[in-house]
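A short worksheet on the structure shown next.
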Amino acid sequence: MSKYWRTLWVVLIISLGVVGCSVFSAANHQQINSAGSGVDPYVEPVQAGVQYLQKRAQEQLTLAENLLAALKSGDMNRAKQAYVAARAPYEEIEVLAASFPEEDEAIDARPYAIAGGETSENYISMHRIEALIYRDNHLAAAVPYGEKLITSVQSLIQKLNDPKNFNSSLNFAGMLALAEEVPAKKISSEEETWSDQSILIFRHNWIGIQSQFEPYRSKLDPALAAQVDQAYRDCLATIADFVLPGTVQTRPYSTVNIQQRGKIVAAAYRYRDALAKAKSVLKIPDPPAT
2 MSKYWRTLWV
12 VLIISLGVVG
22 CSVFSAANHQ
32 QINSAGSGVD
42 PYVEPVQAGV
52 QYLQKRAQEQ
62 LTLAENLLAA
72 LKSGDMNRAK
82 QAYVAARAPY
92 EEIEVLAASF
102 PEEDEAIDAR
112 PYAIAGGETS
122 ENYISMHRIE
132 ALIYRDNHLA
142 AAVPYGEKLI
152 TSVQSLIQKL
162 NDPKNFNSSL
172 NFAGMLALAE
182 EVPAKKISSE
192 EETWSDQSIL
202 IFRHNWIGIQ
212 SQFEPYRSKL
222 DPALAAQVDQ
232 AYRDCLATIA
242 DFVLPGTVQT
252 RPYSTVNIQQ
262 RGKIVAAAYR
272 YRDALAKAKS
282 VLKIPDPPAT
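This is the structure we're talking about:
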């Protein structure tokens, strides 16, 4: 089981207690709804959300190409700037990672998710590039991984362009999984160990989640939609002082004190709970176990 699916199923179990809904299973997760009729009632919101991520994936490809060029240039400052710029899009796309687990591992896996860790040839993600740039100062060694990154993003684009990979059940589960992963795991400094850009990760995870919630707004009572919006804004407010205007780069996570980290955690869980409430009202089932 991939690192994403482990997180996803833990969150689904927890979400049952949050919203009081029952476990749902079906033979084909591509075509399910709350009534089990075989037709997803939220096809349009699903498509609208995926379209946003398709656009971000194209931007990711350009940024990956820029990163490779920067690695080949031998210019360390240029490579660091290109790396940071290339991180943002996928951290939004990650919200639907259960629909493309192979690409998720290739693009974003950490050493713990790969048997053998950094000694494995299967560890090819951006975090390998991060360590080679920020820790090892070895741009030439990062070039092959920059090339692999481009191939992985191209494969990701193909997956995003296939509507069979997405449905409201799977997508909403991904929203809840990522919403919980930020406070439950990423706040523990698991993110961006070497570049110190964890705030960038939190910010774009939340942007990605909200991009998938937005198309469901018209299906909800305005008051409930407003609750989700406020919880999202509260999350962004906890990191506002660390966001640098006019750039994707953020202030170092190491400058965030304990009290500030605590506020991030509390706001992130409130956002998760608001999303879980919306999922319950929409009567979107959990995806079937695999």
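All residue numbers for the sequence shown refer to this note's numbering, where the first residue is 2 and numbers rise by one. Every residue gets a Cβ at the ideal spot worked out from N, C-alpha and C, and that includes glycine.
Based on DSSP bridge pairs, tell me the residues matched to V244. T251
Taking its Cβ as the centre, do 16 or more other Cβ atoms sit within 10 Å of S100, making it buried, or is it exposed? buried
Identify whether H139 lies in helix, strand or coil by the three-state DSSP scheme. coil
For the segment 247-255 against the segment 152-164, are there 3 or more C-beta pairs whose distance is under 8 Å? no
Chain-order list of residues whose beta-carbon lies under 8 Å from that of A116 (same chain, five-residue window excluded): N123
Taking 8 Å as the threshold (C-beta atoms), are A71 and A80 in contact? yes
What distance in whole Å lies between the Cβ atoms of P90 and E60, which are believed to be in contact at a cut-off of 8 Å? 5 Å
Starting from D105, trace the alpha helix (DSSP H) both ways and give me its first and last residue. P102 to D109
CA-to-CA distance, I285 to Y84, given in whole angstroms: 37 Å
From Q261 to P164, what does the alpha carbon distance come to, in whole angstroms? 40 Å
Tell me whether P42 sits in a helix, a strand or coil according to DSSP, three-state version. coil
Using 10 angstroms around the beta-carbon of R136, count the other beta-carbons present and answer buried if the total reaches 16, otherwise exposed. exposed
When we look at the beta-carbon of S153 and count the other beta-carbons within 10 Å, is it buried (16 or more) or exposed? buried
How many angstroms separate the CA atom of A267 from the CA atom of L68? 35 Å
Answer with buried or exposed for T63, where buried requires no fewer than 16 other C-beta atoms within 10 angstroms of its C-beta. exposed
The segment 180-188 contacting the segment 128-148, beta-carbon criterion three pairs below 8 Å: no
Secondary structure at D197, three-state DSSP: helix, strand or coil? coil
Other residues of its chain near A49: CB distance less than 6 Å, five sequence neighbours each side excluded: P216
Determine whether the Cβ of R262 lies closer than 8 Å to any Cβ atom of chain D. Looking for chain D here will not work: only one protein chain is present.
Taking buried to mean at least 16 other C-beta atoms within 10 Å of its own C-beta, is L276 buried or exposed? buried
Would a C-beta distance cut-off of 8 Å place K220 and L283 closer than the cut-off? yes
How is the alpha helix (DSSP H) around I1 delimited, first residue to last? No answer is possible for residue 1: the residues shown for the chain start at 2 and end at 291.
Unbroken alpha helix (DSSP H) run spanning P90, endpoints: M77 to I94
Residue closest to Q198, alpha-carbon to alpha-carbon, out of S255, P102, A232 and Y233: S255
Going by DSSP in three states, A116 sits in which element: helix, strand or coil? coil
Beta-carbon within less than 6 Å of N166's beta-carbon, same chain only, minus the 5 sequence neighbours each way: which residues are those? S100 and K160
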